[in-house]
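>
There are 2 protein chains.
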Amino acid sequence: MADPMRIRAAVAGDETTVRVLMSHIMEPGTRRDAAGALIPGHFIKDVEATHNGKVVLEAAFSGAVAQNPFLSFKFKGGAKGDKVVVKWVDTKGDTRTDEALIA
Amino acid sequence: MADPMRIRAAVAGDETTVRVLMSHIMEPGTRRDAAGALIPGHFIKDVEATHNGKVVLEAAFSGAVAQNPFLSFKFKGGAKGDKVVVKWVDTKGDTRTDEALIA
Chain G
666 MADPMRIRAA VAGDETTVRV LMSHIMEPGT RRDAAGALIP GHFIKDVEAT HNGKVVLEAA
726 FSGAVAQNPF LSFKFKGGAK GDKVVVKWVD TKGDTRTDEA LIA
Chain Y
666 MADPMRIRAA VAGDETTVRV LMSHIMEPGT RRDAAGALIP GHFIKDVEAT HNGKVVLEAA
726 FSGAVAQNPF LSFKFKGGAK GDKVVVKWVD TKGDTRTDEA LIA
């Protein structure tokens, strides 16, 4: 299983800023090995972020997204102690779900 | 038409960091006016970012995303001078497309 995401969520005024660092090889599927054979793609495809169980953002990554993807966004309505959950699914169907409390 | 996005893209090593600030009211559709009537929703639904014409990231926002949405992510393979284009579509079908060159 992949390493946990690092998720930071902090509220200021009525906006919560979320920063997510995912741990993933993000092999694009377009590179070739020394023998000239294509290296199979293996990358995070779908990301979903929820606040107190309600989806606030979904993202679809291409194979071009950098190794150990970083994603940051803001939403309104968060409060200290609320739960932010991030889930990703990769091209092999592997998945990882992690959470953080809003600080 | 909505105000332009502010897009910043900078390459370091083999990773390009993109920061996008969109200008949008992001009315969630769940608020009520003084008379108790629901205020119709009006928010950015879909965002697409391309690098040299190739999609690197798509995002789907909910009405909970904060006013003037901010989004940041990284992709690999960018070079100085390459074009990054970001497009959004909102719940009224309004759309805006802006671009930046990688610095």
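Top to bottom, those sequences are chains G and Y.
Taking the numbering used here, the leading residue of the first sequence gets 666, the next gets one more, and so forth.
Taking the numbering used here, the leading residue of the second sequence gets 666, the next gets one more, and so forth.
The C-beta atom is built at its ideal place from N, Cα and C for all residues, glycine as well.
It should be emphasised that the depicted structure is a prediction, and the values quoted were computed from it without experimental measurement.
Could you tell me whether the Cβ of G742 (chain G) comes closer than 8 Å to any Cβ of chain Y?
As a working mapping, residue 742 (chain G) is identified with position 77 in the first sequence. With 8 Å as the cut-off, G742 (chain G) counts as an interface residue toward chain Y.
> In or out: K719 (chain Y) buried (at least 16 other Cβ within 10 Å) or exposed?
Counted from its first residue, the second sequence places residue 719 (chain Y) at position 54. So K719 (chain Y) ends up on the exposed side.
> Would you give the residue range spanned by the beta strand (DSSP E) that H716 (chain Y) belongs to?
As a working mapping, residue 716 (chain Y) is identified with position 51 in the second sequence. It spans 709-716 - the beta strand (DSSP E) in which H716 (chain Y) sits, taken as one unbroken run.
> For chain Y, check one thing: does any of its Cβ atoms lie closer than 8 Å to the Cβ of P669 (chain G)?
Stepping through the first sequence from its first residue, residue 669 (chain G) is reached at position 4. It does not: the Cβ of P669 (chain G) has no partner Cβ on chain Y nearer than 8 Å.
> Leaving out the 5 sequence neighbours to the left and right, which residues in its chain are closer than 6 Å to L686 (chain G) when beta-carbon positions are compared?
If you number the first sequence from 1, residue 686 (chain G) lands on position 21. Once the five neighbours on either side are set aside, the close Cβ partners of L686 (chain G) are R671, F735.
> For chain G, is any of its Cβ atoms less than 8 Å away from the one on L766 (chain Y)?
For this step, residue 766 (chain Y) is matched to residue 101 along the second sequence. No, no contact with chain G.
> Assuming G701 (chain Y) and E692 (chain Y) are in contact, meaning their beta carbons sit under 8 Å apart, how far apart are those beta carbons, in whole angstroms?
On the second sequence, position 36 is the one that residue 701 (chain Y) refers to. On the second sequence, position 27 is the one that residue 692 (chain Y) refers to. In fact, because the Cβ distance is near 16 Å, the residues do not count as touching under 8 Å.
> Assuming A675 (chain Y) contacts S688 (chain Y) (C-beta within less than 8 Å), just tell me the rounded distance between them.
In the second sequence, the residue the question calls residue 675 (chain Y) occupies position 10. In the second sequence, the residue the question calls residue 688 (chain Y) occupies position 23. 21 Å between Cβ atoms; not a contact.
> Beta-carbon of S688 (chain Y) versus every beta-carbon of chain G: anything under 8 Å?
Within the second sequence, the letter at position 23 stands for residue 688 (chain Y). No, because no Cβ of chain G sits closer than 8 Å to the Cβ of S688 (chain Y).
> Compare the C-beta of H707 (chain G) against all C-beta atoms of chain Y and say whether one is closer than 8 Å.
Stepping through the first sequence from its first residue, residue 707 (chain G) is reached at position 42. No, H707 (chain G) lies away from the interface with chain Y (no Cβ there is under 8 Å from its Cβ).
> Determine which residues of the region 709-724 of chain Y have a Cβ less than 7 Å from any Cβ of chain G, and write them out in chain order.
So the list reads H716, K719, V720, V721, L722, E723, A724, given in the order they occur along the chain.
> Quick one: any contact between the region 706-717 of chain Y and the region 744-763 of chain Y, if contact means 3 or more CB pairs under 8 Å?
They touch, by the three-pair rule.
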